[in-house]
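Chains A and B, in that order, give the protein sequences.
By this note's numbering, the letter at position 371 of the first sequence is numbered 371, and the numbering carries on one by one without gaps.
To convert, count from 1 in the second sequence and add 531; that's this note's numbering.
All C-beta atoms in this analysis are idealised placements derived from N, C-alpha and C, irrespective of residue type, glycine included.
Keep in mind that this is a model prediction, so the values were computed, not measured.
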Amino acid sequence: MAIADSSEGKPVPKKFSLTTVLWKILILAFDALGIWFIVQAISLGYVELAIIVGIIVVGFNIIFTLDKGYPFRWMALGLAFLVMFNIYPIFFTMYISFTNYGDGHLLTKKQALAQIQKVTYLPEDAKTYSWTAYRSPEGNYALWLVDNADGQTYLAKPGEEIVPAQPGDPGIGEADTKGIPVSLEGYTRLTTLQAVANKELSNIMFGIEGEKTVQVRTSNEAAELKLRFVYDEATDTVIDQSNGDIYFNKEGTFTTKDGKTISPGFRAMVGWKNFQEVFNSPALRGPLITMLIWNFIFPTLSVLTTFALGLAISIMYNEEGFPLKKPIRTLLLIPYTIPSVISILIWRGMFNTEFGVINRMLIDIIGVAPRWTSEPFWARTAVIIVNLWLGFPYMMLITSGALQSIPSEIYEAAEVDGASGWQRFWKITLPLLLVSVGPLLIASYIFNFNNFNLIYLLLGGGPPIPGAATQAGYTDILISYIYNLAFAPGGRGVRYGLASAMSMMLFIIVGAITLFQYRFTNMWEEVSENV
Amino acid sequence: MSNIAQTYKRLRSSQKFQKRFGVAIRLIIAVILIAFSIFPVLWIVSASFDNANSLATQSLIPANAGIKNYQRLFNLDPNFSFGELNYWTWLWNSIKVSGINTVLGVSITTIAAYAFSRLRFKGRVPILKSLLLIQVFPNLLALVAVFTLVSSIGNIVPALGLNTHTGLIMVYLGGSMGMNIWLVKGYMDTIPRDIDESAHVDGANDWQVFTKLILPLMRPILVTIGILSFIGTYGDFLMARVLLNDSSKYTLMVGLQLFTAGQFDKKWGVFAAGALIGALPIMLLYFLLQDQIVGGLTRGAVKG
Numbered sequence: 001m002a003i004a005d006s007s008e009g010k011p012v013p014k015k016f017s018l019t020t021v022l023w024k025i026l027i028l029a030f031d032a033l034g035i036w037f038i039v040q041a042i043s044l045g046y047v048e049l050a051i052i053v054g055i056i057v058v059g060f061n062i063i064f065t066l067d068k069g070y071p072f073r074w075m076a077l078g079l080a081f082l083v084m085f086n087i088y089p090i091f092f093t094m095y096i097s098f099t100n101y102g103d104g105h106l107l108t109k110k111q112a113l114a115q116i117q118k119v120t121y122l123p124e125d126a127k128t129y130s131w132t133a134y135r136s137p138e139g140n141y142a143l144w145l146v147d148n149a150d151g152q153t154y155l156a157k158p159g160e161e162i163v164p165a166q167p168g169d170p171g172i173g174e175a176d177t178k179g180i181p182v183s184l185e186g187y188t189r190l191t192t193l194q195a196v197a198n199k200e201l202s203n204i205m206f207g208i209e210g211e212k213t214v215q216v217r218t219s220n221e222a223a224e225l226k227l228r229f230v231y232d233e234a235t236d237t238v239i240d241q242s243n244g245d246i247y248f249n250k251e252g253t254f255t256t257k258d259g260k261t262i263s264p265g266f267r268a269m270v271g272w273k274n275f276q277e278v279f280n281s282p283a284l285r286g287p288l289i290t291m292l293i294w295n296f297i298f299p300t301l302s303v304l305t306t307f308a309l310g311l312a313i314s315i316m317y318n319e320e321g322f323p324l325k326k327p328i329r330t331l332l333l334i335p336y337t338i339p340s341v342i343s344i345l346i347w348r349g350m351f352n353t354e355f356g357v358i359n360r361m362l363i364d365i366i367g368v369a370p371r372w373t374s375e376p377f378w379a380r381t382a383v384i385i386v387n388l389w390l391g392f393p394y395m396m397l398i399t400s401g402a403l404q405s406i407p408s409e410i411y412e413a414a415e416v417d418g419a420s421g422w423q424r425f426w427k428i429t430l431p432l433l434l435v436s437v438g439p440l441l442i443a444s445y446i447f448n449f450n451n452f453n454l455i456y457l458l459l460g461g462g463p464p465i466p467g468a469a470t471q472a473g474y475t476d477i478l479i480s481y482i483y484n485l486a487f488a489p490g491g492r493g494v495r496y497g498l499a500s501a502m503s504m505m506l507f508i509i510v511g512a513i514t515l516f517q518y519r520f521t522n523m524w525e526e527v528s529e530n531v
Numbered sequence: 532m533s534n535i536a537q538t539y540k541r542l543r544s545s546q547k548f549q550k551r552f553g554v555a556i557r558l559i560i561a562v563i564l565i566a567f568s569i570f571p572v573l574w575i576v577s578a579s580f581d582n583a584n585s586l587a588t589q590s591l592i593p594a595n596a597g598i599k600n601y602q603r604l605f606n607l608d609p610n611f612s613f614g615e616l617n618y619w620t621w622l623w624n625s626i627k628v629s630g631i632n633t634v635l636g637v638s639i640t641t642i643a644a645y646a647f648s649r650l651r652f653k654g655r656v657p658i659l660k661s662l663l664l665i666q667v668f669p670n671l672l673a674l675v676a677v678f679t680l681v682s683s684i685g686n687i688v689p690a691l692g693l694n695t696h697t698g699l700i701m702v703y704l705g706g707s708m709g710m711n712i713w714l715v716k717g718y719m720d721t722i723p724r725d726i727d728e729s730a731h732v733d734g735a736n737d738w739q740v741f742t743k744l745i746l747p748l749m750r751p752i753l754v755t756i757g758i759l760s761f762i763g764t765y766g767d768f769l770m771a772r773v774l775l776n777d778s779s780k781y782t783l784m785v786g787l788q789l790f791t792a793g794q795f796d797k798k799w800g801v802f803a804a805g806a807l808i809g810a811l812p813i814m815l816l817y818f819l820l821q822d823q824i825v826g827g828l829t830r831g832a833v834k835g
């Protein structure tokens, strides 16, 4: 590596040393791996992945070979991870939202075609053989084939090339009276009766798939299979060799004019379809609107309740010399110290409608208890209560810090002017506090806007919204809804495309809130000064 | 004259009384708030020592106290079995993934932060601003794309794909880069530049300045950032849930969620034991580092 004078940013001329050579070797090794990866990616049809890895590889080469790249060498690894696992997924989400990626369209076109082009069929005029079967103790089969036309003999095993063979060849036993080997090495010959009674045999493909394969057709005849589908790249069509049907590429499924299709389908662009579906289908739109409204109410209530309680605690116990100040604060901090996933699961047990401690206590005290899991209002109340428990210590921490930074002279001046306690709170404390903790409150709002753990782990998003086209509940928010669409479809089939279209909505909302945050707090300007 | 003095005296004592009354009220409120804040903890401790292992019959003082649930958790009770309960494996996976992610993450970000803090080059400010912009969209919002990406990578290099800890760690690393570079750079900026400039004059190169000067000075704050990052990764659920699918690969948070499937109320005590063991180390870390963490909070290092 070139030694550089940092304050000027100009590297001193390189000299040959062990480190320089080592760096060169490292870069070459990195390039080799990168290129191998790109080739593999292309062969599987992952064009986007190949492009992004290509960009990273080229970037590394520029950074590590040009002198100007010196400062970037420090951050190359960090930026590579960032590009690969944060920036690229954002753009990839945009792409997926315009595709039909999901059940039935999970593969790339390359992968689907590779599968389709392996499909075989038994033509009427197939080349036929008479066959004799052999079985190994492990249950593997082998066939001895005699060509019905010219009497040539072959040995065929599943997954291996069919080779011409003669009795007495290495590994092959001597011929019997009919010219068929009495045994194969590692295999025993099946009697005609055994072979005919064998159910497995007719399902086995002998030979290499996609090349020459032979299948047992009747008790005395085996036939050579032919590849059924031929892909024509120029017209992007697939032709069925068995009957001449032509399949056209129709949004990721090869389809004939009269609607016959070939499975599997593949990922293909479908334009705005996913977005249109969201807006046009009442069974999607209805629940989505319910969910969106709740998605805004939930973080609003969460921030308000946690902030109010946290601030109240700060004000109540902030006073110098308040008895037991330190232990009170420590005990109140406990919820913040437990990993929230664990706390939420504990609350899930406590909110259990039948057996949970909360309902058992409510029944004992007031005689009635809400059904937290099945009544929308109470389910949402439970979510807010649990989030209050999870969130107030954080608000307590940030507000007590901010309160101490408000100069006491302001209060003294207000007292002289005769302001009451309430007036002082609303006119002085709160406005000044909001200036310093405002950005953190908006950050908390955004965090709760996407608080998947709470929603998913507490009540699983439930209770379910009746008539919803996909799994959706009254406490679900966008991110948990997206998760369900993609990973827990509940028998309705995964919809990556639709889920990504919803993610785009999430991006836009979160982006807008952040823009507001920067505007509201001048954070951007501050940042620009601090770099 | 005496009248005024009397009124003054009465006023003073009533003020004192008011003050005491206020403190008393606030102490009562404190008791209620503390009850709210520690009740779930007490409840789960009690559940973990209640041999009945049932949500329905549990009371704050366990009826038949014992350590049966802990034995069940570690598969020492032949009469209790549930799915693939691999508690030690989950805990170890969590510690392994969080530990590796923390060490790699802190190293990579600190090295990158050096360039942003100490070197001046074209593109520095735009890149810094973009980093801030990107962390607005954390990769968990692009869940489907991340899943597809890792699954595609796995089709080429299985050791980096779905259901591997390497894949999960790479996703964590990518997701935390933006924010952490800013954070570390912020702290590095507080170290006066005179120190490294004089070292440069003495002929030290950047790497020497970084390792011999900056790193030792940064050590306390790097430890704090590392511990916060460890806690954050340890507590993650979503990414681990999406990217891992074998019980033997699960992290603790994903494993604990398994208890809620089916009849949660019949596994409550065992879950309680598992939750407690999983939470205690993190709670200890927090209380040991309370001051540093609070300091970090006001600088914008948010746990959420």
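Cβ-Cβ separation, residue j to residue i (assumed contact under 8 Å), whole Å
| i | j | result |
| --- | --- | --- |
| residue 448(A) | residue 340(A) | About 12 Å; that fails the 8 Å criterion. |
| residue 58(A) | residue 38(A) | With a Cβ gap of about 11 Å, residue 58(A) and residue 38(A) do not count as contacting. |
| residue 617(B) | residue 800(B) | In fact, because the Cβ distance is near 18 Å, the residues do not count as touching under 8 Å. |
| residue 699(B) | residue 486(A) | About 17 Å; that fails the 8 Å criterion. |
| residue 622(B) | residue 783(B) | 5 Å |
| residue 589(A) | residue 639(B) | Shown here, chain A extends from 1 to 531; a query on residue 589(A) therefore has no answer. |
| residue 213(A) | residue 120(A) | 6 Å |
| residue 287(A) | residue 332(A) | No, residue 287(A) and residue 332(A) are not in contact; Cβ-Cβ is about 38 Å, not under 8 Å. |
Within chain A, partners of residue i - CB distance below 7 Å
| i | result |
| --- | --- |
| residue 571(B) | 343, 346, 347, 350 |
| residue 796(B) | 352, 355 |
| residue 818(B) | 337 |
| residue 667(B) | 510, 511, 514 |
Identity of the residues DSSP links to residue i by a beta bridge
| i | result |
| --- | --- |
| residue 183(A) | 188(A) |
| residue 248(A) | 237(A), 255(A) |
Residue-chain proximity (residue i, chain B), Cβ-Cβ < 8 Å
| i | result |
| --- | --- |
| residue 576(A) | The structure shown does not extend to residue 576(A), since chain A is modelled only from 1 through 531, so no value can be given for it. |
| residue 10(A) | Residue confidence for residue 10(A) is low, a pLDDT of 46 falling below 50, so the modelled location carries little weight and cannot support an answer. |
| residue 389(A) | yes |
| residue 507(A) | yes |
| residue 37(A) | yes |
| residue 462(A) | no |
| residue 496(A) | yes |
| residue 450(A) | yes |
| residue 313(A) | yes |
| residue 89(A) | yes |
| residue 323(A) | yes |
| residue 71(A) | yes |
Chain B residues whose Cβ lies nearer than 9 Å to that of residue i
| i | result |
| --- | --- |
| residue 357(A) | 570, 574, 586, 589, 590, 591 |
| residue 503(A) | 672, 673, 674, 675, 676 |
| residue 275(A) | Per Cβ cutoff of 9 Å: no residues; residue 275(A) is ~15 Å from chain B at best. |
| residue 85(A) | 670, 677, 680, 681, 701, 702, 703, 704, 705, 706, 708 |
Residue i at chain A interface by Cβ criterion, 8 Å
| i | result |
| --- | --- |
| residue 788(B) | yes |
| residue 833(B) | Caution applies to residue 833(B), whose pLDDT of 36 falls short of 50 and renders its modelled position unreliable; the value that the coordinates give is listed next. It does: the Cβ of residue 833(B) has a partner Cβ on chain A nearer than 8 Å. |
| residue 680(B) | yes |
| residue 603(B) | no |
| residue 799(B) | yes |
| residue 778(B) | no |
Closer than 7 Å at the beta carbon, the chain B residues around residue i
| i | result |
| --- | --- |
| residue 74(A) | 642, 643, 645, 646 |
| residue 423(A) | The contacting residues do not exist; residue 423(A) stays about 18 Å from chain B at best. |
| residue 361(A) | Under the 7 Å cutoff, chain B gives no residues; its nearest Cβ is about 10 Å from residue 361(A). |
Cross-chain neighbours of residue i in chain B, by beta carbon under 8 Å
| i | result |
| --- | --- |
| residue 164(A) | By Cβ distance, chain B contributes nothing, its closest Cβ being about 37 Å from residue 164(A), past 8 Å. |
8 Å Cβ cut-off: residues of chain A touching residue i
| i | result |
| --- | --- |
| residue 618(B) | Correct list: empty, because the minimum Cβ distance to chain A is about 13 Å. |
| residue 765(B) | 339 |
| residue 557(B) | 316, 317, 322 |
Amino acids of chain A, ordered along the chain, whose beta-carbon sits closer than 9 Å to that of residue i
| i | result |
| --- | --- |
| residue 791(B) | 345, 348, 349, 457, 460 |
> Any contact of the region 723-731 of chain B with the region 585-600 of chain B, i.e. 3+ C-beta pairs under 8 Å?
Replying inline: Between the region 723-731 of chain B and the region 585-600 of chain B there are fewer than three C-beta pairs closer than 8 Å, too few to call the two in contact.
> Any chance the region 358-377 of chain A sits against the region 426-445 of chain A, with 3 or more Cβ pairs inside 8 Å?
Replying inline: no
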